[in-house]
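Visitor: Quick one: the structure is below, and I'll ask about it shortly.
Protein chains: 2
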Amino acid sequence: MRADGQHKSAMTRRASRPSPVAPAKAPPDDTRRQILNAAAKLLRRNGYASTSLRDIASATGMKAGSLYYHFASKEEIAETVMVEGIDLVRAAVKKALAARPKHSDPLEDIEIAVRAHLHALHESGDYASANIRCFNHVPDEIKQRLRKVRERYNADWRKLINQARTAGCLDTDVDDEALRYGLFGVMNWTLEWLRPGGPLPDDLGAMFFRILFRGAARPPTRD
Amino acid sequence: MRADGQHKSAMTRRASRPSPVAPAKAPPDDTRRQILNAAAKLLRRNGYASTSLRDIASATGMKAGSLYYHFASKEEIAETVMVEGIDLVRAAVKKALAARPKHSDPLEDIEIAVRAHLHALHESGDYASANIRCFNHVPDEIKQRLRKVRERYNADWRKLINQARTAGCLDTDVDDEALRYGLFGVMNWTLEWLRPGGPLPDDLGAMFFRILFRGAARPPTRD
DNA sequence: CCTACCGATCGGTAGG
DNA sequence: CCTACCGATCGGTAGG
């Protein structure tokens, strides 16, 4: 079976000959990914302080000290997970917007973004959740760098809202920043209560969009 | 000055003679309160795992071991703080609703509740914030008991929303639980971003109520 | 309410 | 990537 050289799937293949760009002697990048996956799951569930390097190591099938062959510190592991968490959601929203129907109006774009953000938060899962759950308890130095990454994603939303504002789709007595914080609030708060058996993230996104943009109150009847 | 027996304010007075209901020989309840105040502040800022008994003790001017004269464990201190955090907000909302204008409609009641909740969260401060910030990282046994206390507060909001529903004030295609989670989301998420220099909690409450019930989109013009 | 201390666990390192 | 270990810190206790 091994003679044909095709026995491994593309997912797990390793270079059989040293490649000029990725030398085969180097430690497999897979291990690094396994560490990050385990760390993301644990950080999401237990928080920053309660996640020990021994927990991460044993979940990856190695000993605590060995983690330092791949990362310089616990902080570096956590920061890597959280940055990826932000970028995963950001990329998911960007991708959903790129696939939107032509000539969609600014409000439709926001609905697409809301649904994509919620979907990524609950399906991609651990990385994005770890970012939101651990942000407050991470050392200040990391927090400051994370803020810059978050700010890029905030800018995406400000742009979406501003396009709706410019197009005249938003009510004049609604504050744009309050609206953005409100959107982040309803979306990210789902991490506190939404369980696997509950409503689907996509349906929830549609409902939240409807409430925040059309309002929960019954519209006044035309008379 | 001490001869008149009136030198202490009512806030800090102690029983000068043993009272049948609260014997004077007992340790002062003030100390217990000071411990809880310090714990609430630290739990809010640093989270459950990163708040040590030594931190709480030194903030109260005592040694770590002495805390066990007032509480049985770190868990008991945290649980006490968090239960009070829920009850403080709940009481603030109840009080605000009790003082509402006569014949206010159900939507006005909800706006009052939103503003009271936000006000309590950011002015009463540490206890309520500690509850929200630490809930996920507290031992399961405590979490289960806290859920029951939270459930009482949830019931208050379900009642408010249900009254609006029954009165026909809410749109038929809005889900009541989604609306409640949305309200909690926008309100509690303010802990993640609202800083002392920012908008006043009351103004923010009015804005959030406006967005969630009237909608951020410009209403269709009547033609 | 303090001193002195317990066993457990933490992030991290040396040497291989 | 492991073994063996470091100093620091943790929640909690004994005895006063």
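Same order as they appear, the protein sequences are chains A and B.
Residue numbers for the first sequence, in the numbering used here: 44 to 266.
Residue numbers for the second sequence, in the numbering used here: 44 to 266.
Where a beta carbon is used, it is the ideal one built from N, C-alpha and C, also for glycine.
Do you know how far the Cα of A/Pro144 is from the Cα of A/Asp199?
Guide: In the first sequence, residue 199 of chain A corresponds to position 156, counting from 1. In the first sequence, residue 144 of chain A corresponds to position 101, counting from 1. If you take the alpha carbons of A/Asp199 and A/Pro144, they lie about 19 Å apart.
Visitor: Determine whether the beta carbon atoms of B/Ile129 and B/Val192 lie at a separation below 7 Å.
Guide: Looking up residue 129 of chain B in the second sequence gives position 86. Looking up residue 192 of chain B in the second sequence gives position 149. Contact flag set, yes.
Visitor: Check whether the stretch 163–177 of chain B and the stretch 217–237 of chain B touch, using three or more Cβ-Cβ pairs below 8 Å as the test.
Guide: Taking 8 Å as the limit for Cβ pairs, the verdict is that the stretch 217–237 of chain B does touch the stretch 163–177 of chain B.
Visitor: Residues in the same chain with beta-carbon distance under 7 Å from B/Arg208, minus the five sequence neighbours each way, listed in chain order, please.
Guide: Residue mapping note: residue 208 of chain B aligns to position 165 of the second sequence, counting from 1. Closer than 7 Å at the Cβ level, and outside the excluded window around B/Arg208, lie Asp219.
Visitor: Over the uninterrupted alpha helix (DSSP H) stretch that includes A/Val192, give me the two end residues.
Guide: The count along the first sequence starts at 1 and reaches residue 192 of chain A at position 149. Run containing A/Val192: 183–209, per the alpha helix (DSSP H) assignment.
Visitor: As a quick exercise: from A/Leu255, A/His113, A/Ala249, pick the residue whose alpha carbon is nearest that of A/Ile78.
Guide: As a first step, residue 78 of chain A is located in the first sequence; it is residue number 35 there, counting from the start. Nearest option by C-alpha distance: A/His113.
Visitor: Would you kindly report the start and end of the unbroken alpha helix (DSSP H) that includes B/Thr233?
Guide: Here the question's residue 233 of chain B lines up with position 190 in the second sequence. No alpha helix (DSSP H) holds B/Thr233; DSSP gives it neither H nor E.
Visitor: Got a sec? Which residues, its chain only, sit under 8 Å from B/Ala92 by beta carbon, not counting five neighbours each side?
Guide: Your numbering for residue 92 of chain B matches position 49 in the second sequence. For B/Ala92, where only same-chain residues beyond five positions count, the Cβ hits under 8 Å are His180.
Visitor: Along the stretch 166–183 of chain B, what residues have a CB closer than 9 Å to any CB found in chain A?
Guide: Residues Ile175, Arg176, Phe178, Asn179, His180.
Visitor: Specify the secondary structure class of B/Ala92 as computed by DSSP and reduced to three states.
Guide: The residue labelled residue 92 of chain B in the question sits at position 49 within the second sequence. In this structure, B/Ala92 counts as coil in the three-state DSSP scheme.
Visitor: For A/Leu222, list the residues DSSP reports as bridge partners.
Guide: In the first sequence, residue 222 of chain A corresponds to position 179, counting from 1. For A/Leu222, which the question treats as bridged, DSSP gives no partner whatsoever.
Visitor: Thinking C-beta only, is B/Pro149 closer than 7 Å to B/Ala210?
Guide: Working through the second sequence from its first residue, we reach residue 210 of chain B at position 167. Working through the second sequence from its first residue, we reach residue 149 of chain B at position 106. Going by C-beta atoms, B/Ala210 is nearer than 7 Å to B/Pro149.
Visitor: Return the Cβ separation of A/Gly248 and A/Leu161 in integer angstroms, given the expectation that the two are a contact with Cβ distance under 8 Å.
Guide: By one-based count along the first sequence, residue 248 of chain A stands at place 205. By one-based count along the first sequence, residue 161 of chain A stands at place 118. So it is a contact: roughly 4 Å between Cβ atoms.
Visitor: Could you check whether the Cβ of B/Trp232 sits closer than 7 Å to any Cβ belonging to chain A?
Guide: Taking the first residue of the second sequence as position 1, residue 232 of chain B is located at position 189. Yes, its Cβ sits closer than 7 Å to a Cβ of chain A.
Visitor: Can you name, in chain order, every residue of its own chain whose Cβ lies under 8 Å from the Cβ of A/Leu189, other than the five neighbours on each side?
Guide: In the first sequence, the residue the question calls residue 189 of chain A occupies position 146. Cβ neighbours of A/Leu189 beyond the five flanking positions: Glu122, Met125, Val126, Ile129, Asn174, Phe178, Val181.
Visitor: When you compare the CB of A/Gly128 with every CB in chain B, is at least one pair closer than 7 Å?
Guide: As a first step, residue 128 of chain A is located in the first sequence; it is residue number 85 there, counting from the start. So, not an interface residue.
Visitor: I need the boundaries of the alpha helix (DSSP H) containing A/Asp152, first residue and last residue.
Guide: Numbered from its first residue, the first sequence carries residue 152 of chain A at position 109. Where A/Asp152 is concerned, the enclosing alpha helix (DSSP H) stretches over 149–162.
Visitor: Where in the stretch 110–148 of chain B do unbroken runs of the alpha helix (DSSP H), each at least 4 residues long, occur, reported from the N-terminal end onward?
Guide: Entirely contained in the stretch 110–148 of chain B, the alpha helix (DSSP H) runs reaching 4 residues are, in chain order, 117–141.
Visitor: With a 10 Å radius around its C-beta and 16 neighbouring C-beta atoms as the bar for buried, classify A/Glu184 as buried or exposed.
Guide: In the first sequence, the residue the question calls residue 184 of chain A occupies position 141. Flag for A/Glu184 reads exposed.
Visitor: Report, in whole angstroms, the separation of the C-beta atoms of B/Ala171 and B/Leu131, which I expect to be a contact under 8 Å.
Guide: Locating residue 171 of chain B in the second sequence gives position 128, where the first residue counts as 1. Locating residue 131 of chain B in the second sequence gives position 88, where the first residue counts as 1. Going by Cβ atoms, the distance from B/Ala171 to B/Leu131 rounds to 6 Å, so yes, they are a contact pair.
Visitor: Does A/Met125 have its Cβ less than 7 Å from a Cβ in chain B?
Guide: Translated into the one-based positions of the first sequence, residue 125 of chain A becomes position 82. Taking Cβ atoms only, chain B never reaches closer than 7 Å to A/Met125, which makes this a no.
Visitor: Who pairs with B/Leu213 in a beta bridge, going by DSSP?
Guide: Walking along the second sequence from the start, residue 213 of chain B turns up at place 170. DSSP lists A/Ala260 as partners of B/Leu213.
Visitor: Hey, B/Arg87 and B/Arg223 are a contact pair by Cβ (cut 8 Å); roughly how many whole angstroms apart?
Guide: Sequence index remark: in the second sequence, residue 87 of chain B carries index 44 (1-based). Sequence index remark: in the second sequence, residue 223 of chain B carries index 180 (1-based). Not quite, the Cβ-Cβ distance comes to about 24 Å (not below 8 Å), so this is no contact.
Visitor: Using DSSP with H/G/I as helix, E/B as strand and the rest coil, what is A/Pro242?
Guide: Numbered from its first residue, the first sequence carries residue 242 of chain A at position 199. In the structure shown, A/Pro242 sits in coil (DSSP, three-state: anything other than H, G, I, E or B).
Visitor: Quick one: Cα of A/Ala259 to Cα of A/Arg76, how far?
Guide: As a working note, residue 259 of chain A is residue 216 in the first sequence. As a working note, residue 76 of chain A is residue 33 in the first sequence. Near 44 Å, if we compare the C-alpha coordinates of A/Arg76 and A/Ala259.
Visitor: Reducing DSSP to helix, strand and coil, say where B/Met105 ends up.
Guide: Against the second sequence, residue 105 of chain B aligns to sequence position 62. B/Met105: coil per DSSP, three-state reduction.
Visitor: Just verifying my parser: in three-state terms, what is the DSSP assignment at B/Gly248?
Guide: On the second sequence, position 205 is the one that residue 248 of chain B refers to. B/Gly248 falls in the helix class under three-state DSSP.
Visitor: What does B/Phe114 touch in chain A if you count any residue whose Cβ is under 8 Å from its own?
Guide: Indexing the second sequence from 1 puts residue 114 of chain B at position 71. By Cβ distance, chain A contributes nothing, its closest Cβ being about 21 Å from B/Phe114, past 8 Å.
Visitor: Of all Cβ atoms in chain B, is any one closer than 7 Å to the Cβ of A/Arg195?
Guide: Taking the first sequence and counting its residues from 1, the one referred to as residue 195 of chain A is at position 152. Not closer than 7 Å to any Cβ of chain B, the Cβ of A/Arg195 fails to qualify, so no.
Visitor: Does the distance from the C-beta atom of B/Asp245 to that of B/Arg158 stay below 7 Å?
Guide: Working through the second sequence from its first residue, we reach residue 245 of chain B at position 202. Working through the second sequence from its first residue, we reach residue 158 of chain B at position 115. Closer than 7 Å, so yes.
Visitor: Quick one: which residues of the stretch 77–88 of chain A get their C-beta closer than 9 Å to a C-beta of chain B? List them in chain order.
Guide: Correct list: Arg88.
Visitor: Rounding to the nearest angstrom, what Cα-Cα distance links A/Arg257 and A/Glu151 in this structure?
Guide: Looking up residue 257 of chain A in the first sequence gives position 214. Looking up residue 151 of chain A in the first sequence gives position 108. When rounded, the distance between both Cα atoms is 13 Å.
Visitor: Can you find a heavy atom of the ligand ZN that lies under 6 Å from the Cβ of B/Arg158?
Guide: Absent from the structure shown: the ligand ZN. Ligands present: none.
Visitor: Is A/Ser147 close to chain B? Criterion is C-beta to C-beta, closer than 7 Å.
Guide: The count along the first sequence starts at 1 and reaches residue 147 of chain A at position 104. No - not a single Cβ of chain B is within 7 Å of the one on A/Ser147.
Visitor: Given a cut-off of 7 Å on the beta-carbon distance, is the pair B/Ile254 and A/Val217 in contact?
Guide: Mapped onto the second sequence, residue 254 of chain B falls at position 211. Mapped onto the first sequence, residue 217 of chain A falls at position 174. Contact: yes.
Visitor: At the 7 Å Cβ level, is A/Ile254 part of the contact set with chain B, yes or no?
Guide: Your numbering for residue 254 of chain A matches position 211 in the first sequence. It does; some Cβ of chain B falls within 7 Å.
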